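> Position 53 (the sequence shown) corresponds to 54 in the numbering used here; numbering is contiguous.
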Amino acid sequence: DKLAKISKRISSSAAATKLCHKLAEVIKHGSAFHHAGLKPAQRSLIEDSFRENLIKAISCTPTLAAGVNLPARRAIIRDCKRFESGLGAAYIPTSEYKQCAGRAGRPQYDEYGEAVLIAKTSSQASTLFEKYIHADPEPITSKLSNESALRIHILASIAGGYVHDVDGMFEFISHTFLAHQQPKTDLFDFIVNIFDFLQQEGFVEKSGYRFFATPLGALTSRLYIDPVTTITIREGLNRISKDFSPIGVLHMITCCPDGPGLSVGKKDVEDLEFFASHHHEDFIFTPENYPEIEDFYTYLSSIKAAWLLNQWIEEEKEDVICDQFGIGPGDVYRHIDATQWLLYAAGTIAELLRKKSLTFELQDLRNRVRYGVKKELLDVVQLKGVGRIRARVLFQKGYTKLGDFKFTSENDLGAIRQIGKTLAKDIIQQVKNFSLTQKQRSQNETAVAAGSTDEWED
């Protein structure tokens with residue numbers, strides 16, 4: 002009975018996709034699957050139901066074993082090989098096996114746990130014993146060895162006032178795990194190069210022997226984005242004309258190091274090349290005018306991600322997007338979240354660059370990405386409980402802006418099949434509250450203006 006309720010909860014959503022219906026069907030029988038393609042709420046629901054012993058078995062990707070506190074009586078590793086680009090079928094890392102096997106057995110509940118590694122032949126069984134069961138995990142490496150990560154942390158250290166020179170930064174870094182893995186001379190040169198880069202690009206400035214963050218550097222640090230992302234956005238904003246194309250800005254975002262990308266297969270190339278040629282005039286960055294685009298594959302990856310986002314804001318159905326790009330709903334929402342944040346970053350950078358006309362357009366585009374709608378729905382879709390599907394229905398019924406709801410009744414609004422009486426009542430109340438807030442704000446502004454006048458006259 003509880004499983005049936007969980008199943009219905011997943012399948013009855015207005016935005017339910019084919020994947021949602023598949024998940025709902027297997028949950029009825031006490032099992033589930035779990036991977037990055039699911040929405041966060043669905044993944045949480047599966048995890049909670051497993052902890053409550055409602056769902057008995059989960060088929061999952063390694064991310065569940067690595068990132069969630071979800072012990073089980075038995076962990077089964079069915080396949081020890083996985084497809085890797087350029088390598089074909091390759092053995093999974095020993096650490097991945099150890100991590101998954103370590104999930105077997107719940108502390109305080111189980112006396113033991115069972116980890117099962119499946120071999121297809123006796124010969125393979127011997128190999129798996131050597132490679133996984135008797136082997137040590139691979140050595141770990143510091144994440145700070147990634148230049149992007151170190152750029153972010155060095156800028157944050159300067160902006161936060163923790164360090165003001167190369168020696169101070171080196172002293173700090175010398176106490177990290179990275180310093181145990183790299184020769185100190187190489188590490189010092191690495192830090193010097195990043196300081197030089199940050200100064201040349203206007204993120205920090207030097208006064209005597211000390212470095213201080215510029216307004217651009219401080220903003221980049223607060224946004225917690227790679228300085229190269231800021232450079233990409235700054236370059237893009239300087240190229241944008243007043244009447245820019247949304248697809249051009251979305252592509253600018255997907256060209257950023259922090260931007261969302263999609264893997265490109267051979268079968269994608271022809272479609273992506275056609276899409277790129279069709280929107281060539283809209284794109285701010287192309288391989289011809291922006292040498293920072295590393296290679297053709299990277300360019301196609303950014304185009305594919307921009308195409309996905311454009312489909313989303315043009316109100317394409319989630320199912321169609323998932324099928325077209327070979328991803329799950331969770332992947333779509335990860336792209337949406339990343340793009341929203343980078344569009345917010347672009348808006349604040351535009352404001353710093355005194356491009357105020359762009360900030361409003363970027364805000365509208367950010368809201369379009371947030372809700373997945375065309376610009377004409379932005380007024381209606383902000384109502385709580387409406388969403389992109391109901392907003393389109395309301396628009397088609399003549400409710401094109403919030404003011405249109407002032408002249409309708411709960412009965413008329415509730416008669417729309419996708420709305421119903423409860424939501425209709427809530428919508429009308431929201432509009433009333435919004436009107437009162439606007440009225441109060443207007444009165445306050447009038448009072449402030451009057452006070453300013455009196456003060457001036459005195």
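Cβ atoms here follow ideal geometry from the backbone N, Cα and C, with glycine treated the same way.
Keep in mind the model is a prediction, meaning the values are calculated, not measured.
#1: Can you give the Cα-Cα distance for ASP413 and VAL374, rounded to whole angstroms?
#2: Below 8 Å CB to CB, which residues in the same chain sit around THR401 once its five sequence neighbours on both sides are set aside?
#3: Hey, could you find the ends of the beta strand (DSSP E) GLY237 is sitting in?
#4: In this structure, does DSSP put ARG367 in helix, strand or coil?
#5: How far does the alpha helix (DSSP H) with GLU316 in it reach, from first residue to last?
#6: Going by DSSP in three states, TYR334 sits in which element: helix, strand or coil?
#7: Measure the alpha-carbon distance for TRP457 versus ASP227 and round it to whole angstroms.
#8: Below 9 Å between beta carbons: does that hold for ARG74 and GLU115?
#9: If you reduce the DSSP assignment to three classes, tell me which class GLU202 lands in.
#10: Check this for me: beta carbons of VAL465 and LEU344, under 9 Å apart or not?
#11: When the distance is taken between beta carbons, is GLY266 closer than 9 Å to MET253?
#12: Quick check on PRO140: buried or exposed, where buried means 16 or more other Cβ atoms within 10 Å of its Cβ?
#13: Hey, quick one: how far does the alpha helix (DSSP H) through ALA157 stretch, first residue to last?
#14: Near ALA5, which residues of its chain fall below 7 Å by C-beta distance, leaving aside the five closest residues on each side in sequence?
#15: Closer than 8 Å is the cut-off here; do at least three beta carbon pairs connect the segment 218-225 with the segment 160-179?
#16: Have a look at ILE195 and ARG418 and give me their C-alpha separation to the nearest angstrom.
#17: Pull up the distance between the alpha-carbon of HIS154 and that of SER143, whole angstroms please.
#18: Under the three-state reduction of DSSP, which class applies to THR454: helix, strand or coil?
#19: Closer than 8 Å by C-beta to PHE297: which residues in its own chain qualify, once you throw out the five before and the five after it? Chain order, please.
#20: So, at 6 Å on beta carbons, what are the nonlocal neighbours of GLY331 in its own chain, with the 5 sequence-adjacent residues on each side left out?
#21: Tell me which residues share the same chain as SER50 and place their Cβ nearer than 7 Å to its Cβ, disregarding the 5 neighbours each side in the sequence.
#22: In terms of residues, what are the limits of the alpha helix (DSSP H) holding TYR98?
#23: Measure the C-alpha to C-alpha separation of LEU188 and SER146 and round it to an integer number of angstroms.
#24: In its own chain, which residues sit with a C-beta less than 6 Å from the C-beta of LYS294, not counting the 5 before and 5 after it?
#25: Could you tell me the distance, in whole angstroms, from the CA atom of PHE406 to the CA atom of VAL205?
#26: For ALA425, which of LYS356, GLY386, SER60 has the nearest alpha-carbon?
#27: In angstroms with no decimal places, state the Cα-to-Cα distance between ALA450 and LYS398.
#28: Pop quiz: ALA306 and PRO261 are said to be a contact at Cβ under 8 Å. What is the actual Cβ separation, rounded to whole angstroms?
#29: Exposed or buried, which one is ILE234 when buried takes at least 16 other CB atoms within 10 Å?
#30: How many angstroms separate the CA atom of GLN431 from the CA atom of LEU71?
#31: Can you give me the Cβ contacts of LEU463 inside the same chain, cut-off strictly under 6 Å, excluding the 5 residues immediately before and after it?
#32: Count the other CB atoms within 10 Å of the CB of ASN239; is the residue buried (16 or more) or exposed (fewer)?
#33: What residue does the beta strand (DSSP E) around LYS82 start on, and which one ends it?
#34: For ASN311, count neighbouring C-beta atoms within 10 Å of its own C-beta (all shown protein chains included) and say buried if the count is 16 or more, exposed if not.
#35: Quick one: measure Cβ to Cβ for PHE276 and ILE304, integer angstroms, because I've assumed they're closer than 8 Å.
#36: State yes or no: is the C-beta of CYS61 within less than 9 Å of the C-beta of ILE119?
In brief:
#1: Distance between the alpha carbons of ASP413 and VAL374 is about 24 Å.
#2: Cβ neighbours of THR401 within its own chain (closer than 8 Å, five residues either side excluded): GLU377, ASP380, VAL381.
#3: Here GLY237 belongs to no beta strand (DSSP E); instead the alpha helix (DSSP H) covers 228-240.
#4: In the three-state DSSP reduction, ARG367 falls in the helix class (H, G or I).
#5: From DSSP, GLU316 is part of no alpha helix (DSSP H); its letter is neither H nor E.
#6: Helix at TYR334.
#7: Legend: pLDDT at TRP457 = 38, less than 50; position of this residue unreliable, value from coordinates given subsequently. Between the alpha carbons of TRP457 and ASP227 lies a gap of roughly 47 Å.
#8: Taking 9 Å as the cut-off, the Cβ atoms of ARG74 and GLU115 count as close.
#9: It is coil, neither helix nor strand.
#10: As shown, the chain starts at 2 and ends at 459. That puts residue 465 outside it, with no answer to give.
#11: The answer is no: Cβ separation not under 9 Å.
#12: Counting Cβ neighbours within 10 Å, PRO140 comes out exposed, since fewer than 16 surround it.
#13: Looking at the DSSP string, the run of the alpha helix (DSSP H) that includes ALA157 is 148-160.
#14: The residues LYS29, in chain order, have a CB closer than 7 Å to that of ALA5 in the same chain once the five nearest residues on each side in sequence are set aside.
#15: Yes: the two stretches touch, three or more of their Cβ pairs being nearer than 8 Å.
#16: Looking at the two C-alpha atoms, the distance is approximately 59 Å.
#17: Rounded to the nearest angstrom, the two C-alpha atoms are 13 Å apart.
#18: Low confidence applies here, because THR454 scores a pLDDT of 40, under 50, leaving its location unreliable and the question unanswered by this model.
#19: Cβ neighbours of PHE297 beyond the five flanking positions: PRO288.
#20: Here GLY331 has ALA37, GLY38, LEU39, LYS40 as same chain residues with Cβ atoms under 6 Å from its own Cβ, once five neighbours each way along the sequence are excluded.
#21: Excluding residues within five positions, the ones whose Cβ falls inside 7 Å are ILE7, ILE56.
#22: Bounds of the alpha helix (DSSP H) holding TYR98 are 95-102.
#23: If you take the alpha carbons of LEU188 and SER146, they lie about 9 Å apart.
#24: A small fix is needed here, since residue 294 is Ile in this sequence, not Lys. Hits under 6 Å: PRO288, TYR300.
#25: Roughly 51 Å separates the two Cα atoms.
#26: For ALA425, the nearest C-alpha among the options comes from GLY386.
#27: Any reading at ALA450 needs caution, since the residue's pLDDT is 49, under 50, leaving its predicted position unreliable; the model's value is listed next. Going from the Cα of ALA450 to the Cα of LYS398 covers about 40 Å.
#28: Yes, ALA306 and PRO261 are in contact; Cβ-Cβ is about 5 Å, under 8 Å.
#29: Using a 10 angstroms sphere on the CB of ILE234, the tally of other CB atoms reaches 16 or more, which defines it as buried.
#30: Distance between the alpha carbons of GLN431 and LEU71 is about 40 Å.
#31: Since the first residue shown for the chain is 2 and the last is 459, residue 463 is missing from the structure and cannot be characterised.
#32: That one is exposed.
#33: Per DSSP, LYS82 belongs to the beta strand (DSSP E) from 82-85.
#34: With 16 or more other Cβ atoms within 10 Å, it is buried.
#35: About 6 Å; that satisfies the 8 Å criterion.
#36: Their beta carbons are not under 9 Å apart, which means CYS61 does not touch ILE119 by this criterion.
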